[in-house]
Amino acid sequence: MAPQILTLDALAARVPDGAVVAVPPDFSGVALAATLALIARGVRGLHLVGVPSTGFQGDWLVGAGCVVTIEAAAVTIGEYGPAPRFTAAMKAGAIRMIDGTCPAIHAGLQAAEKGLPFMPLRGIIGSDLAVHRDDWKLGANPFADDDPILMIRAIRPDIALFHAAKADRAGNVWIGVRRELMLMAHAARQTLVTVEEIVEYDLLADDATAAGTIPALYVTAIAEARHGMKPLGLRRLYGPDDAALRRYVEMARTEDGFRAWLDGGLPCPRAAE
Amino acid sequence: MAPQILTLDALAARVPDGAVVAVPPDFSGVALAATLALIARGVRGLHLVGVPSTGFQGDWLVGAGCVVTIEAAAVTIGEYGPAPRFTAAMKAGAIRMIDGTCPAIHAGLQAAEKGLPFMPLRGIIGSDLAVHRDDWKLGANPFADDDPILMIRAIRPDIALFHAAKADRAGNVWIGVRRELMLMAHAARQTLVTVEEIVEYDLLADDATAAGTIPALYVTAIAEARHGMKPLGLRRLYGPDDAALRRYVEMARTEDGFRAWLDGGLPCPRAAE
Amino acid sequence: MSVPTCQPEELLIATVATMLDGLGHIAVGAASPIPGAAALLARARGNGRPAISILGAVDENAFTDGGKELFDCAAEGRIDAFFLGGGQIDGEANINLVGIGNPRQPKVRFPGSFGSAYLYFLVPRVILFREEHSPRVLVSRVDYISAPGWSAPNVYRPGGPYALVTGRCVFAWQKETHRFRLASVHPGHTVDELRAETGFDYDLPDTVPATVLPDAATLSLMRGRVAGEIARTYPGFAARLWNVAAAA
Amino acid sequence: MSVPTCQPEELLIATVATMLDGLGHIAVGAASPIPGAAALLARARGNGRPAISILGAVDENAFTDGGKELFDCAAEGRIDAFFLGGGQIDGEANINLVGIGNPRQPKVRFPGSFGSAYLYFLVPRVILFREEHSPRVLVSRVDYISAPGWSAPNVYRPGGPYALVTGRCVFAWQKETHRFRLASVHPGHTVDELRAETGFDYDLPDTVPATVLPDAATLSLMRGRVAGEIARTYPGFAARLWNVAAAA
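Chains as they are written, first to last, in the numbering used here: chain S, 1 to 273; chain R, 1001 to 1273; chain D, 2001 to 2248; chain C, 3001 to 3248.
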């Protein structure tokens, strides 16, 4: 039951084909080194859940053919422009996009976190987002007359996959203020985490670290991956590698360019196919 | 808009008669020094919301005649036995008790935190707790057939009142792992906090402290109150004063004994009446 | 230090611990030293498993998401066993934690229902624990249902009662018939005595075994490691029972 | 360093800032340097008020409860203004952040709706901001409604559009008629040009003022303190506009 400490490849091997995988946005804790390991092992058929969006990670996985569905409020690489492989795949009809909105994804995960079948949510009524979604239903506030409100079905991912600054040997993971990572871990059946370092003290022994820590209870496995979020930046630890990100966007404009980028970027000789 | 830093008496003056006041349990962060200041100023007609229970604080306030209603999952002083003034007041029919259950109080506050009119909650069905509560309604899971589920109306307290280890000059409050205090601050209209100390650095500048911090955005006013939770213990900072707690329980068996305790215990010469 | 062969509390701790062996995660309420010690005993002999969360404790509590986490955790199926008591408990496993008489002006007032009305529905193995075994506590019908022992088939309820452990015996819960069955009688007590001291009706097998006494290894573990661990949360209890102070 | 009298972005920053003065708390989405700078300008001259939360930023973001906090905060009425854009915006203030054509295989795909479908309902003053003012963006009817500009009376909606600010003009939203009214035209642009470049119908007053240029004090504050502050979150923007690096 205690979390296992694995190598990056062994961690990636824990994501089966077809899994529903929750991932955070580029400004949170994105397991990019693990994503390359996943691509290297040739994972297929993933259903990504952006919490609430995905960025470079989603674009890489889409480009490498690992994804059939993305459920997210957005696929965005921010100031770098449109996410190139995502945009190409959408135009080609190659992947299915379940367009959501940030609070609905949070609400769905919070329902799962609470073992609830659904959560109510304000807003959204009248948006085309609600069309064709059988996991959102119009209900009513039972404490008022004529007050329609949307009910959002729980989202319980198979796997939460993210990167954090540190973990301890017992498998507790320190995420600081990035509490959406805790929500993901609470909601998902399994939680796979890469960390900058595994520390030798108990993160729960002192409230100063415990306050930002996901207890091992919710963690399935951990792998150490120093700079595991590069080329993105990890809050106050390291900044983004702007040149590498621009190079990616440039190369990934075309399928061939993306393949060339991937051949140069994969962590080990195994090809994606 | 920025939180004000007040004296303990000025903080207590911010709680008007008749206010709905959310308070935490004895193992969390209880503003006991502020409670004595409240009693000293003679507050009346309070509706206490235990999050999810109240202990010595509630018993003191009931004994001093400050309370008309307690909404809580329990009034408990743990191993010290039945809460004496609460029990006496209940037997006398002198206060109104709205019996709840812990997760329903959390759910009501979370609804308020989310600006939702209600939250669904499992369990409870068939309990006598649900009788006579017009703020709980039986509804149904819209994603299944014949799956009844209770809907809990939002609880939005006028005031959240609690004690924490530290605050900074901007009004950010560090609560560590005691996140129910953050929930209270999010849910309440106003938040009044006593702290062991006001520090001169920015609690949000470093993720290590930010992770356990309620931003000033949710804080109305702060007062410094060293040992402000005594005679209860504050986690790893100081333990409970067992002798003082036992003395209270002993004296508070009778109304006269409680008055004698209060005369000896109030922080300033002003009487409760 | 002179310790009797097996103190009554030690029998209860050992008995409850056998109901916890092999589980993954146990939560224990505040002010529950015997269930807490039983959980620690199960962990000590299970090589760190089950994990334990003692509510309100500073140690033995890994929760970092506030008061709501226990309830979320239970609803997700991440808690395998929990303990509930009752000012009154009846033969359908209904529990009363509120009071006796008119709830608005009760004759007797208990502290309140805590999380019982929820956890009783969601935790698979809820062990009812009450040392006092008398017609006053074990009643034919509770005055107030804090949490019902069973629910209609359409009510979502993966959890419920597993057993009722008292100072005199162990009752096993029978899910199908909504009744207790006398499972074992603690040494020094009798089937006839139980009948007289129990206010509700229950199934009585032809032969009822005696509750098994802890063996020497179990007692040794309890009086050593477990005593030191429980003393961190319940120093008074550990001092009274074993004359030990908290382990470092 | 040579800076022109007033750069177009500076006009937009100053114009948006006047819509924020006196508010209590403003949230700004990621990748929104002009709204972000406008919020910082309002704060700089408001003596620290409004408070500002820039989403996804490490600085200028006090949230400590994860991605959900913005949405909870907005629903509680703790956010007074927010900004939304749109790949398409129509005359009923509907916005499209999803794409053009069949959503399953679109001709043009935008990043997605983000929190628009929610915040547009809950934040009292939503300022639509889009620099490109063309019939391609300002359309008669959006292909896809990420978030509707108005709702039926029974729909809970304390929030909604306040104004639409483009590179050419300011439209004010008229809640009662669900239509925009041309409020001011930026210097260098004309009413006729706007008519040609706007795909939707809007109310046109007899006289339309020019958008007020920022005064010297405003420009000085913007190019000094605000430039240094915005550079911490948008270094490229600050460098391009004002040739400054981040303030300490």
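Ideal Cβ placement from N, Cα and C applies to all residues, glycine included.
- Within the model, the alpha-carbon separation for S:Thr-220 versus S:Val-193 is close to 8 Å.
- For R:Met-1182, at least one C-beta of chain D is nearer than 8 Å to its own C-beta.
- Cβ contact annotation for R:Arg-1178 (same chain, cutoff 7 Å, sequence separation greater than five): Ser-1028 and Gly-1029, in chain order.
- One Cα belongs to S:Ala-73, the other to D:Tyr-2202, and the distance between them is close to 56 Å.
- According to the DSSP secondary-structure assignment, C:Gln-3105 is paired through a beta bridge with no residue.
- Distance from C:Asp-3021 to C:Gly-3046 at the Cβ level is roughly 6 Å; contact confirmed, criterion being Cβ atoms closer than 8 Å.
- According to the DSSP secondary-structure assignment, S:Ala-260 is paired through a beta bridge with no residue.
- By the C-beta density criterion, D:Lys-2107 is exposed, having fewer than 16 other C-beta atoms within 10 angstroms.
- S:Met-151: member of the beta strand (DSSP E) spanning 148 to 153, first to last residue.
- C:Val-3016 sits in a helix when the DSSP states are folded into three classes.
- Contact annotation for R:His-1227 against chain D: no contact, minimum CB-CB distance about 18 Å [criterion: below 9 Å].
- When R:Gly-1063, R:Pro-1231 and R:Ala-1170 are compared, the shortest CA-CA separation from R:Ala-1244 is found for R:Pro-1231.
- Contact check between the region 3025 to 3035 of chain C and the region 3066 to 3084 of chain C: three or more CB pairs, one atom from each, fall below 8 Å, which counts as touching.
- Look at the region 166 to 182 of chain S: the residues with a C-beta under 7 Å from a C-beta of chain R are Gly-176 and Val-177.
- In this model, R:Gly-1050 and R:Ala-1031 are separated by some 13 Å (Cα to Cα).
- At a cut-off of 8 Å, the C-beta of C:Glu-3076 has a neighbouring C-beta in chain R.
- Rounded to whole angstroms, S:Leu-11 and D:Ser-2053 show a C-alpha spacing of 28 Å.
- If the five residues before and after S:Val-199 are omitted, its C-beta is found closer than 6 Å to the C-beta atoms of Lys-166 and Asp-168, all from its own chain and listed in chain order.
- Around C:Gly-3199, the same chain offers Pro-3135, Leu-3138, Val-3139 and Ser-3140 as residues with beta carbons nearer than 6 Å, after the five sequence neighbours per side are excluded.
- Pairing S:Arg-246 with C:Pro-3111, the inter-Cα distance amounts to about 18 Å.
- Here the alpha carbons of C:Pro-3161 and R:Ile-1175 stand approximately 37 Å from one another.
- With a minimum length of 3 residues, the unbroken runs of beta strand (DSSP E) contained wholly in the region 2123 to 2170 of chain D fall at 2125 to 2130 and 2161 to 2166.
- Here DSSP, grouped into helix, strand and coil, assigns C:Ala-3074 to helix.
- A direct Cα-to-Cα measurement between S:Ala-112 and S:Phe-118 gives close to 8 Å.
- In chain order, Val-1023, Val-1030, Leu-1032 and Thr-1035 place their CB closer than 7 Å to the CB of R:Gln-1057, counting only its own chain and leaving out the 5 sequence neighbours on each side.
- Taking the CA atoms as reference points, D:Lys-2175 sits about 11 Å from D:Ala-2163.
- In this structure, S:Ala-208 lies away from S:Arg-85, with their beta-carbon atoms at least 8 Å apart.
- Look at the region 1147 to 1205 of chain R and you find these whole runs of beta strand (DSSP E), each 3 residues long or longer: 1148 to 1153, 1159 to 1168 and 1190 to 1199.
- Distance from the CA atom of R:Met-1182 to the CA atom of D:Arg-2168, rounded to whole angstroms, is 44 Å.
- Scanning D:Trp-2150, D:Pro-2103 and D:Asn-2096 for the CA closest to the CA of R:Gly-1093 turns up D:Pro-2103.
- A direct Cα-to-Cα measurement between D:Ala-2183 and S:Thr-213 gives close to 43 Å.
- Excluding its 5 nearest sequence neighbours in each direction, S:Ile-105 has C-beta neighbours in its own chain below 8 Å: Val-49, Gly-50, Val-51, Pro-52, Glu-71, Ala-72, Ala-73 and Ile-155, listed in chain order.
- The DSSP-derived three-state label of C:Pro-3008 is helix.
- The residue from R:Gly-1018, R:Asp-1241 and R:Gly-1055 with its alpha-carbon nearest to that of R:Gly-1081 is R:Gly-1055.
- Assignment of beta-bridge partners to C:Pro-3035 by DSSP yields no partner.
- Within the region 115 to 127 of chain S, contact with chain C at the beta-carbon level (separation under 9 Å) is assigned to Leu-121, Arg-122, Gly-123, Ile-124, Ile-125, Gly-126 and Ser-127.
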